[in-house]
Structures are given as C-alpha cells and as structure tokens.
Amino acid sequence: MDKRNKSLNTVDSWASENLPISQHKEKLVHAVRVNPFLVVTGETGSGKTTQLPQYLYHAGFGKDGKIGVTQPRRVAAITVAQRVSQEIGCSLGREVGYQVRFDDCSSEDTVIKYMTDGCLLREILADPRLTRYSVVVLDEAHERSLNTDILLGLLKRKVLQPQGGSSGRSTPLKVVVMSATLDTDKLSAFFGHCPVFTIPGRTFPVSERFCGLIGPKDTDSTVYVKEVVKVALDLHTSEMAGDILVFLTGQSEIEKACDMLYEKAEAVDYRYDVRDSSVEGLLILPLYGSMPTDQQRQIFEPPPKGVRKCVVATNIAAMSLTINGIRYIVDSGFVKQLNHNSRVGMDILEVVPISKSEAQQRAGRAGRTSAGKCFRIYSKEFWEKCMPEYMVPEIQRTSLTAVILTLKCLSVHDVIRFPYLDRPEERFILAALKQLYQCDAIDRRGHVTRLGRLMVEFPLAPGLTRALLKAASLGCEDLLLPVAAMLSVENIFIRPGQQEKQQDAETEHRQLIEESGSCNDFAVLLGVFEKCRASDSPSAWCRDHWIHWRALKSAFNVETQLREILLRLKQQRDFPVETFDGSRSELFRRCLCTGYFANVARRSVGRTFCTMDGHGSVVHIHPSSALFEQDQLDWIIFHDVLVTSRVYIRTVCPVRYEWVKDLLPKLHEVDAYELSNVAREEVTDEEVAKWEAKETAKRQAEVSAEDSLKKMERRNDDTSVSEARARYLQRKQEKRQGKVP
DNA sequence: TTCAGGATA
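Be aware that the first sequence starts at 1, since it is given in the UniProt record's numbering, and climbs by one per residue.
See below:
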C-alpha cells in the first residue's frame, strides 16, 4: 500500500483540533443547552458535520437519548459516520452508526446516528415524539430536500408542544438546523427567531469571470454545449497547471461536448500551444449518474504527469461527489430539473438556469485544495436577469401525494396550514388530497382510512401501493411485487447512443415484449424480472438483452423489501381479503386498474388518446411501449407521462370500460377542500351520510359514458378549484346561519 | 416513431 492511500485512511488527531469550528466548541454546546432551536451556518470545510455531534456527545447529550444527524444523501450519511467513528475510536455501528435504506449499521449502543432524512421521517411514523432522541440535527438544510422540509415543519411543532412524563420523554428535544448558505434569517424566523451560530469556513478563494457568451435572449439551450467547449479549450491553453471541471446538463450533452473536445484537441495540437510548459496534453472524462462505476475510477485518480484532466459532468459533481485537484470550473449555467406542471397535471423535465447560490456552489468546487478560477459562459446580465437567488425547493416542484399521506398519518389533518418553510401552491396540495381520496387512502372528510395506514408503510407512490394491496388481498401479490419494484428503480432498458447498437437493443427488447405473451407493459416488466432472476447468470442475461444490470439488481432488493413489509402487514388481523373469479391476465389488469384508474385514457383521433382525469390532455403511446402502433385499443391505463416532442405515456396496459366505469365518478365527485380538513370540526357524520346519498343518486343519473365524460371535463377545468372553494364556503356559511340542518 | 438531471424510504 502506498503512502497516499495510507494517509487517506488514517485520521490525523491534530486535524479535528485545527478545524475552524474547534474554537467555538464551548459556545456551541452552551447554545444547544439553552435553546430549543439553533441554526448553525458555516461553509464547507468548517467541520460542522463531523464535529458538532461529537461535541454534544462529549458534553453528555447522549445520556438521555441518541444524537440523530440527518443527511439528504446516502453516501454522505455513510462516509461521515465512518469518519466520526474513527475520530472517536469506536467500530462503526457501536457508539457511532448510520442507517440508510437497505443498510442499517446501528445498534442499541449507538449514540451518534447519521441517517438519511427519509429514514428519520420513517422513524417519526413509528415514534412521533422521537422518544429515543435527545437531539436532532438536520444537516444540509440549504439543499431543501423534500424530506428535510417536512422534518423542519414537524420538528417545529414537536418541540413547542408540552412534553413530560406521559409523552415518554424526560427532557425536551433539541433541534439544530445546519445550513451552508446565507439565507439563515429565514430559518431563524421560522423557529421563532432562534439564535444563529456562524462558523467561518476554510476554503481557498475562487476568482469568478463572466465570459458573456450566453445572454438573457439565448433561451435555446443547445448553444451552451458549443460555448462550454470553447471556453474549456481556451483556458487549457492559457492557464497554468490544474484540472478542469465542466458543468453540463445531461448525458447526451456531455457526450456531445466530449466528442467536440476530442475533435478540436486533435485538429490543433494543444500540447504545443499551452502557456504552461509542464502541461502537455488533455485527458477528457465524462461523468454522469447512470455511467457504469468501472468507468468512473479514472475520474478520481490524479492524471499522468504532464496531462491536464478535464471532467465533463452533470450536477452530480456539485452535490454528491468531490474530485480532488480541480482548479478550474467551466459553468454552463443550466441544470435539468423535473417540474410538476399542475395545469396539465404532468411532470416535465426541463433545462432551466441555475440559481445564484447553485452557481456559487459550483464555483466553490475549484477552491477545495488551492485558489481556483471559475469561468461562467453567461453574461453578468444573464446572472442578474435570469438566475434566481435560490433554487425553488423540491416541495414546491414535485407531487406531494406520498408526503401528504405521511402527514395525515401523523395526525396533521389540516395539511394546508402545516408550517411549511416555503408553502407549496395550494392546488398542488389539493391535487394530492384528491389522489389520496381516489385510491382510498383517505375518506371524504380527509381522515386516513385503514387502507391508508397500510399504504403509508410502503416506500412507493400511493397508486402503485394501492394496486399492490389489491393484489395482496386477492392473494396474487407475486404479480405486483416485481412490477412495483421495477417501477421504482431507474429505467431498465438500455438505449445505446450508437445507431447500430441501438437497433440491436431494440430487437432484443421487442423479443422480450413478444415473449411476455401479452400486450401489457406491466407484464413485460414482470417477465423481465422473472426471467432474469431465473437465469444462471443474471448479469450475463442482462448484457445479452440490453438490460441495466445495476437497475435490475436494485429492483431485486426493492422487491425483497416490499415483500417483507407486506408479510408483516398481512399478519394483522384486519388485513383485507377478497376473491376474484377470472383469468390470470384479467386478475393482473384489474389490480392495476384499482391503483391506476386516475391514469385512464380513451382512444381519440387516430392513434392519440385523451386522458379522463379531467384535464382531457391529448397523449401518445411512447414508441418503446408494447402497445405502440396497436390499433385495437379503446381504454387504457398508464404509469407515467413524459413530455418531450409530444406528450407520451409510458408503461401502458389495455383495460375494459366495464372495469373502470364504476371508478370514474370518483375522479370528479369530491370537494378537495373538505379533504384538507380545513373545517374538520364542522363536518358531521350525518352531513357526510347525506352528501354521499346525494352523490349516489347523482351517479345513478349518469346514464351514458359520453354523458359522464362531458361532465367530468366541465367540472375539472381550471376553474374547478375556485368553484369548489366557493361551494364549500357557501355551505359553511349556510350552516352557520342554520339553513342547513 | 423515442432521449432518463440529481436524490430518497
């Protein structure tokens, strides 16, 4: 083992003493002792993540309970726990441990527990008062992950509620929120203007330059690949030794840029054109999430002598990976972001400008080991006019269905007035409530049903969980468990960039579709899962069929986890049991209908379909589907929507009208404001019974399908939300005046 | 007639 490796693995005892945070040790411990809430801010390199929990541990905070520290990402939770266990001098999993999905490395002895924010949220479901913790530290709060945002709101409430003997905790829970950026005033105000503790960072200065190649009018994102290449080559010839990190948006852009870099570097011999005589060549390396890990090794190794390394990466290099030796940054100024569009009720992957704080974080990647330089391809004007101060937090961009169910299960009934640090748009919350009502997770008054309590246990989207539970009640969970697992991992079908290989892959995939023996994409997924698992060499089977082995391996893991959860729940006495008389194919598709009936579409003109969710969007079946170019379809359900050149639906299954017709009224009959439980105390059981009787009568009156479709479309247009609110308020007022019995 | 940024339980 060489020296470099050794120094990476040993913990130098003086290092932690030398960190910027160490001189604030006593003050920090005191601040936690006297305040229920504390905000700690400090740049990367301040040592707050590794040191603060240790200070609290040595100060005795671990005597009354654990010190829990959350991270938004798995790797961070694991590596920080490793580091801290070495510093304390215990084996990992004893006094210092971690817990992430599929990997619990903690024990009864564990006092400092690092975990993902999602893990802590799960723990709160089982133990709402967090009786096993004395301190909870939410780290990286500035990243504003969905789970951290929910935890912020929950912890704000938990600590303010009176606690004592009966609640199972002797001392009040302490909450520390750690954030890197300067937006700490908002966090402090959120927690009743709690104190903010600032720790100076230890990073090197990074000079920033706007190259001005992209201005506010350059909305066409294809330009930035070319500009980024130009700037990277310019700096290669004009700057002193040091590696380059280029930020781009995605795999295809990165591959394009790498091709161009190679081409140009060959056309002009850059080895003889560089300012620094110690730099001879350029090593170009792509880096993105779905890249095979064996190809990533070179990225983290120092380049050969005389060679400058140029890593072309996605945001993965800004968030979760650190590459040593980077001195130069080339920032495209863009990122791909999944945004929920509630007007069409779909998620759209968009290329958007990054925020100023993200740009600063990207620049900071050049100042980890020495002073660096950041080249931004956009103009100062672009910075000022197009880039927001902070990123829109995840909670305001994504589907809230699963999160709202979690809140409801934690007795947060009025989910609209929950203390959000940044409130999601009301229509997003209402849409989530509606979806939960549609899959029977909550009742008309917004209360969690027995089914909803079962559903919250699964780490899946509620619609998929509903289909799984339906199958379980019918005793055919073996059909849905693999499907649920396959749909919760990344796409398993490989689509290579090269034309020849692409055709090869397509032939293999078509073969798999035919072998599944049915025109149903869900059945294709089930077939792939079963065939691969049954083969002698699953990894070779994947290679032969152009299937992502990494994705399938993780699907096997997820399936096992889902099966364990289901087994546990099935032991409950009141687990639902149903019977069904029909073919296996029909059984399978009817289970899917139960979960996905909100995603139902009907044939429209030609090969287009029209969604029946009230938006009435025109959609196309994606060319990768088994149902693509099928002419005999009428009603279909689908798993998700992809908006690119057209609105595509993927993972499709044909259904019969009789299977969905009884479910369809549920798509439009409900008043979403009632579900939010704004006026829980005012809605009586009798009122609900009357309302339901009225709805049944209305349903019976709907004679033809055509009729109900028209009604649905009318009721669910853009004004439906305001109308619903008006109806609700009117009823409330009438009730107050005694008009309604 | 196609194109998946990054996470998470």
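From the three backbone atoms N, C-alpha and C, an ideal C-beta is built for every residue, glycine too.
Bear in mind that the values here come from a model prediction, so they are computed numbers and not experimental data.
For Met178, the uninterrupted beta strand (DSSP E) run begins and ends at Lys174 to Ser179, by DSSP. Bridge pairing for Asp103: Val100 [DSSP].
With respect to the 8 angstroms criterion, Arg74 and Val100 are classified as neighbours on the basis of their beta carbons.
Around the beta carbon of Arg144, 16 or more other beta carbons lie within 10 angstroms, which makes this residue buried. Rounded to the nearest whole angstrom, the CA to CA distance from Val111 to Leu451 is 35 angstroms. Around the beta-carbon of Arg327, 16 or more other beta-carbon atoms lie within 10 Å, marking it buried.
Taking all protein chains in view, the Cβ of Leu173 is crowded by 16 or more other Cβ atoms within 10 Å, so the residue is classified as buried. Here the C-alpha atom of Arg423 lies approximately 13 angstroms from the C-alpha atom of Asp414. Going by DSSP, Glu394 is part of no beta strand (DSSP E) at all; its letter is neither H nor E.
At a Cβ-Cβ threshold of 8 angstroms, His548 and Ile492 count as neighbours. One alpha carbon belongs to Phe638, the other to Thr651, and they sit about 6 angstroms apart. If you draw a 10 Å sphere on the C-beta of Ile316, you find fewer than 16 other C-beta atoms in it, and that means exposed.
Annotation for Arg563: Leu481 place their beta carbon closer than 7 angstroms to its own, counting only its chain and skipping 5 residues before and after. The criterion of a C-beta distance shorter than 8 angstroms is not satisfied by Val39 and Val137.
For Ser207, there is no enclosing alpha helix (DSSP H); the residue is found in the beta strand (DSSP E) stretching over Val206 to Ile214. In the DSSP assignment, Ile416 is bridged to no other residue. When Leu410, Pro353, Asn339 and Asp443 are compared, the shortest CA-CA separation from Gln396 is found for Asn339. By the criterion of at least three beta-carbon pairs nearer than 8 angstroms, the stretch 307-321 is in contact with the stretch 236-256. Taking the Cα positions, Gln361 is about 12 angstroms away from Ser320. With 16 or more other Cβ atoms from the protein chains shown falling within 10 Å of its own Cβ, Tyr133 counts as buried.
Exclusion of the five residues before and after Ser188 leaves Val39, Cys194 and Val196 as the residues of its chain whose Cβ lies within less than 7 angstroms of its Cβ. Looking at the backbone, the Cα of Phe375 and that of Arg209 are separated by about 5 angstroms. Under the criterion of beta carbons closer than 8 angstroms, Ile348 and Val335 do not qualify as touching, at roughly 14 angstroms.
Considering only Ser625, Leu566, Phe418 and Gly475, the residue with the shortest C-alpha distance to Ser516 is Ser625.
In its chain, beyond the 5 residues on either side, Thr203, Phe204 and Val206 have a beta carbon closer than 6 angstroms to the beta carbon of Gly367.
If you draw a straight line from the Cα of Ser179 to the Cα of Glu140, it is about 5 angstroms long. Within its own chain, the residues whose Cβ lies closer than 6 angstroms to the Cβ of Asn341, once the five positions on either side in sequence are excluded, are Ile348, listed in chain order. For His30, the enclosing alpha helix (DSSP H) covers residues Lys25 to Val34. Take the alpha-carbon of His30 and the one of Pro200: they are about 19 angstroms apart. Counting C-beta atoms within 10 angstroms of its own C-beta, Met240 has fewer than 16 neighbours from the protein chains shown and is therefore classed as exposed.
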